[in-house]
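Encoded as structure tokens, the structure appears first; notes follow it.
Chains as they are written, first to last, in our numbering: chain S, -8 to 334; chain F, -8 to 334; chain X, -8 to 334.
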């Protein structure tokens, strides 16, 4: 990497420097590990003491503070740090492989310009791949599926027929988009498969993690809104609609026909039942179980999930249940004694 | 799609019409979205008001009711709707690709008639593929594995050696069947792998979701009974035996050497520990943690899982623990006051 | 399989025989199913009664006991059983396929001796594969990734660029190592991807289950220590460091930047939040939610997770909450009556 001066970095992120503008920065590291020539950041106040002792070349912070290193003060330190990391390292460099003769592209498929299609990729009939897309080995694009521009599909990611991906969609390795929804009509004890005729629509800038599985809709489409990011081994049920700019942390799961608003955050292993409505900007704590509608802006935790302020105290009290029961038994004993004395 | 008259649909499902038998139906939609020319259904009584205002061409219901649309009355409306959807749309149409020269088939493998083997498929030595099977790109069939007739394996599904699949088994993309069970003998702090010599047996009409993983048995086989349907990213431990016609919703997990009877339903993210016995027709609510045997017909929820009637009230009370504790403290204070007064 | 005498098996495991040293053993089975000519083991005292009635040829036990079969007494019966199973069956036999011409190996990649590279495998530029490695169909090895000796990667396992695998590492089918960490800087409501420049390091003898996903680090590496075994559909967050000889049962998940010591055991569906420190030899029960540091040797269960002795009683009392509330209401009523009487 070409080193940059702290002044260059400050200009790049629109920040100001407390210290030496000509400090050379060649790489980034965590606050704990950063050494001379490295830049780091502070985003959590609990690490303020580390800033006083860091051996970093520079620290990106939100305000002036005592520091062992040069400071780069930025309005949004984590965002500024992201900008610096991109400047220093760039995003992943993809091998410019062009169109592999070992890929299997249906004659009726349309491949845009400047795409890189690796060996062992399959693109089905009538599928449309936008410009600048990268399909890694083992990727499967079903018939009539459609990708926008600049999508990156990592090895063995699968897109079933007729699904739509916007621009700049990323599927990590082994992700699946558009498999059949879990829909059966049970008649006389036998589960009969219902054709799943809806699609999956991933809007622009959606990212799906490894091993995650997004079911196609039974009748309506399953939709993941623009800029929503989904972690690893997450499952989304058929016909569920997730708004833009949500974050779904690994192992979260949402059943079918649910709707989520924009900017919701679901923690790890959160479960959401089907057919409910979650508003905008809702925050759901890890492992929560959501079994009813949730209004805009609410923060919930627990299984069953309740308001987080209430829940933190409530769930913490489970530990004291044996004690509470002992208190009740003690009270009953004393009460009986008094009642006896009275009679 | 070729439109059908409501009379044709009624005949097909064995139902009767209240309204116009010659109403033309060309597609299916949800009760909320259905318009003229579309058929929908009512399976949940909470949506009865929608029937009064629907713009659908026809609604499949279980009994006569006030409706803005023609009614098709069927004994089992959801099943009838499934039949109608199959009639209108059919199941997925698979490209008739035949045997791809880009597949890698061991000379000693046996492939049945009318199979479609896509590029980049591997079929190992001595493997047997029944008639009419469809193996999508990236599918791997291990040595001596055996598939019945009319199986569909979607892209990148993997079947390890010696596993047995019955007829009409479906593996969704990126599903894995027969990987090693999680079995180690820990000796002096080191985990030694135990060869997993059992197989996985998937009986007829089993379906396995995307990203799911069914471990092969250590000594005994892992068995999934006829007609059981398993959702996405479900894991089944080594040597577990699941009876016929169960439903395992996405992200459920069962540890090793458990047995389940027939017609059990496991909700999303349910966890079942190993070496226990779950009876027939047991229903387990989402996120439940099952840590002991469960008798036939029981419905359980919660972690730890208990009888659902009891559990719904019990788990709902967690929210009121701070209040209960305050009540106890208040009682103790009043009791102390009275005791003091008495002495 | 070539049958062995019980004497041969006893010598092999360093045990002693009570019974007939010349009993012939040709296979292994569970205590419940073992018949004449088969060997089995007792590791759980609850099955002692089965030893008295077993039809097995021999049973491996830890001490003398009443038995219907010959006994092989070993210090660590389960470990001895593992040794016997390996002797009788061996580990999986891999087809000696050599280097498939249908694999796609970058010219700059280095492949060791005695490797078996199946069709449809991709090995990227500058990647290094040690001696004796087996790469099954659909495996992807990214640029500059490095595998030690004798690794086995099952079908469709994916290793992203620059990741390091030690010797004897096993990836089960559809496992993913090194996908991007779930890291975004959210600025004015938009999630900006942070380049994930760390790697994943899997030390010697690590095994990763099917569908599992190990994120690469943002800045620091994600590290899985020597001999640690990870089950199916487990997710490990970016920058997390797991010590040697841990066991992570299927569907467990650990968020980013956590550290775990050695010999920890995480049950199924355990969730661990990020940025916490779990000590050595910690045991975490199935479905537990770990939200803070855990000292060495502790055993915890529940969500939120607490000391297991306390927790088992505490969580079991949730079932009795309605009863406790009734008691409190009853007490309040009686107390009011007494207070009234006094006044």
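Ideal placement from N, C-alpha and C gives every residue a C-beta, glycine not left out.
Quick one: list the residues of chain S neighbouring residue 319(F), beta-carbon separation under 8 Å, in chain order. Locating residue 319(F) in the second chain gives position 328, counting from the first residue. Result: 315, 318, 319 and 322.
Take residue 23(F) as the anchor and find which of 43(F), 7(F) and 258(F) has the nearest alpha-carbon. Position 32 of the second chain, counted from the first residue, corresponds to residue 23(F). Ranking the options by Cα distance to residue 23(F), first place goes to 43(F).
Please say whether residue 254(X) and residue 186(F) have beta carbons closer to each other than 9 Å? Within the second chain, numbered from 1, the residue matching residue 186(F) stands at position 195. Within the third chain, numbered from 1, the residue matching residue 254(X) stands at position 263. No; because the gap between Cβ atoms is not below 9 Å, this pair is not in contact.
Quick check: is the beta carbon of residue 259(F) nearer than 9 Å to any beta carbon in chain X? In the second chain, residue 259(F) corresponds to position 268, counting from 1. Output row for residue 259(F): interface = no.
Find the residues of chain C that neighbour residue 175(S), judging by a C-beta separation of less than 9 Å, and give them in chain order. The structure shown has no chain C; the protein chains it does contain are S, F and X.
Residue 57(S) to residue 223(X) span [Cα, whole Å]: Position 66 of the first chain, counted from the start, is the residue given in the question as residue 57(S). Position 232 of the third chain, counted from the start, is the residue given in the question as residue 223(X). Going from the Cα of residue 57(S) to the Cα of residue 223(X) covers about 47 Å.
Since residue 77(X) sits in a beta bridge, which residues does DSSP pair it with? By one-based count along the third chain, residue 77(X) stands at place 86. Residue 77(X) is not bridged to any residue.
Where residue 43(F) sits in the DSSP three-state scheme: In the second chain, counting from the first residue as 1, residue 43(F) sits at position 52. Helix.
Work out the CA separation of residue 143(F) and residue 127(F) for me, nearest whole Å. Translated into the one-based positions of the second chain, residue 127(F) becomes position 136. Translated into the one-based positions of the second chain, residue 143(F) becomes position 152. Going from the Cα of residue 127(F) to the Cα of residue 143(F) covers about 8 Å.
Enumerated in chain order, which unbroken segments of the beta strand (DSSP E) with a length of 3 residues or greater are wholly contained in the region 270 to 330 of chain S? Runs of beta strand (DSSP E) with 3 or more residues, each lying fully within the region 270 to 330 of chain S, are found at 290 to 292, listed in chain order.
Helix, strand or coil for residue -4(S) per DSSP? Translated into the one-based positions of the first chain, residue -4(S) becomes position 5. Reduced to three states, the DSSP call for residue -4(S) is strand.
What are the residues in the region 189 to 216 of chain X lying within 7 Å of chain F by C-beta distance? 200, 201 and 202
Mind checking residue 67(X): buried by the 16 CB within 10 Å criterion, or exposed? If you number the third chain from 1, residue 67(X) lands on position 76. It counts as buried.
Closer than 7 Å by beta-carbon distance: list the chain S residues that pair up with residue 284(X), in chain order. Taking the third chain and counting its residues from 1, one reaches residue 284(X) at position 293. Neighbours of residue 284(X) on chain S: none; closest Cβ ~13 Å, over 7 Å.
Beta carbon of residue 94(X): closer than 8 Å to some heavy atom of the ligand MG? This structure lacks the ligand MG, and indeed carries no ligand of any kind.
Check whether the Cβ of residue 325(X) lies closer than 9 Å to any Cβ atom in chain S. As a first step, residue 325(X) is located in the third chain; it is residue number 334 there, counting from the start. By this cut-off, residue 325(X) is an interface position.
When you compare the CB of residue 129(S) with every CB in chain X, is at least one pair closer than 9 Å? Residue 129(S) sits at position 138 when you count from the first residue of the first chain. Cβ-Cβ to chain X under 9 Å: yes for residue 129(S).
Residue environment, residue 182(S), which counts as buried when at least 16 other CB atoms sit within 10 Å: The residue labelled residue 182(S) in the question sits at position 191 within the first chain. Residue 182(S) should be labelled buried.
7 Å Cβ shell around residue 159(F) - same chain, five flanking residues per side excluded: Translated into positions along the second chain, residue 159(F) becomes position 168. Answer for residue 159(F): 141, 142, 195 and 196, listed in chain order.
At least 3 beta-carbon pairs within less than 8 Å: the region 197 to 210 of chain S vs the region 161 to 173 of chain S: yes
Quick one: measure Cβ to Cβ for residue 173(F) and residue 206(F), integer angstroms, because I've assumed they're closer than 8 Å. Counting from one through the second chain, the residue named residue 173(F) turns up at place 182. Counting from one through the second chain, the residue named residue 206(F) turns up at place 215. Going by Cβ atoms, the distance from residue 173(F) to residue 206(F) rounds to 7 Å, so yes, they are a contact pair.
Can you name, in chain order, every residue of its own chain whose Cβ lies under 6 Å from the Cβ of residue 146(S), other than the five neighbours on each side? Position 155 of the first chain holds residue 146(S). Once the five neighbours on either side are set aside, the close Cβ partners of residue 146(S) are 127, 128, 129 and 164.
Check whether the Cβ of residue 16(F) lies closer than 9 Å to any Cβ atom in chain S. As a position in the second chain, residue 16(F) is number 25, starting the count at 1. It does not; no Cβ of chain S falls within 9 Å.
Would you be able to state if there are at least three C-beta pairs under 8 Å between the region 92 to 101 of chain X and the region 60 to 78 of chain X? no
Leaving out the 5 sequence neighbours to the left and right, which residues in its chain are closer than 6 Å to residue 259(X) when beta-carbon positions are compared? The sequence position of residue 259(X) within the third chain is 268, counting from 1. So the qualifying residues of the chain are 240, 241, 242 and 277.
Counting Cβ pairs, one atom from each stretch, are 3 or more of them under 8 Å apart for the region 210 to 223 of chain F and the region 212 to 230 of chain X? Proximity of the region 210 to 223 of chain F to the region 212 to 230 of chain X falls short of the contact definition, fewer than three beta-carbon pairs being nearer than 8 Å.
6 Å CB neighbourhood of residue 47(X) in its chain, flanking five on each side removed: Taking the third chain and counting its residues from 1, one reaches residue 47(X) at position 56. Excluding sequence neighbours, residue 47(X) sits near 25, 29, 31 and 60.
In angstroms with no decimal places, state the Cα-to-Cα distance between residue 45(F) and residue 8(F). Residue numbering aside, residue 45(F) sits at position 54 when the second chain is read from its first letter. Residue numbering aside, residue 8(F) sits at position 17 when the second chain is read from its first letter. Going from the Cα of residue 45(F) to the Cα of residue 8(F) covers about 17 Å.
Rank 53(X), 175(X) and 266(X) by C-alpha distance to the C-alpha of residue 37(S) and give the top, closest one. Here residue 37(S) refers to the residue found at position 46 when the first chain is read from its first residue. It is 266(X) whose Cα lies nearest to the Cα of residue 37(S).
Could you name the residues that DSSP lists as bridge partners for residue 61(F)? Translated into positions along the second chain, residue 61(F) becomes position 70. Note: residue 61(F) sits in a beta bridge opposite 49(F).
Test item: CB-CB of residue 329(F) and residue 310(X) under 9 Å: Translated into the one-based positions of the second chain, residue 329(F) becomes position 338. Translated into the one-based positions of the third chain, residue 310(X) becomes position 319. Taking 9 Å as the Cβ cut-off, residue 329(F) and residue 310(X) do not qualify as a contacting pair.
Taking only beta-carbon positions, decide if residue 111(F) is within less than 9 Å of chain X. Within the second chain, the letter at position 120 stands for residue 111(F). At least one chain X Cβ lies under 9 Å of residue 111(F).
For residue 81(S), which residues in chain X fall below 9 Å Cβ to Cβ? Along the first chain, one-based indexing puts residue 81(S) at 90. Those are 186, listed as they occur along chain X.
My guess is that residue 16(S) and residue -3(S) are in contact by the Cβ rule of under 8 Å, so how many angstroms apart are they, rounded? By one-based count along the first chain, residue 16(S) stands at place 25. By one-based count along the first chain, residue -3(S) stands at place 6. With a Cβ gap of about 6 Å, residue 16(S) and residue -3(S) count as contacting.
Can you tell me whether residue 224(S) is helix, strand or coil according to DSSP? Walking along the first chain from the start, residue 224(S) turns up at place 233. When DSSP states are grouped into helix, strand and coil, residue 224(S) belongs to the coil group.
Unbroken beta strand (DSSP E) run spanning residue 7(F), endpoints: As a position in the second chain, residue 7(F) is number 16, starting the count at 1. From DSSP, the beta strand (DSSP E) with residue 7(F) extends over 7 to 9.
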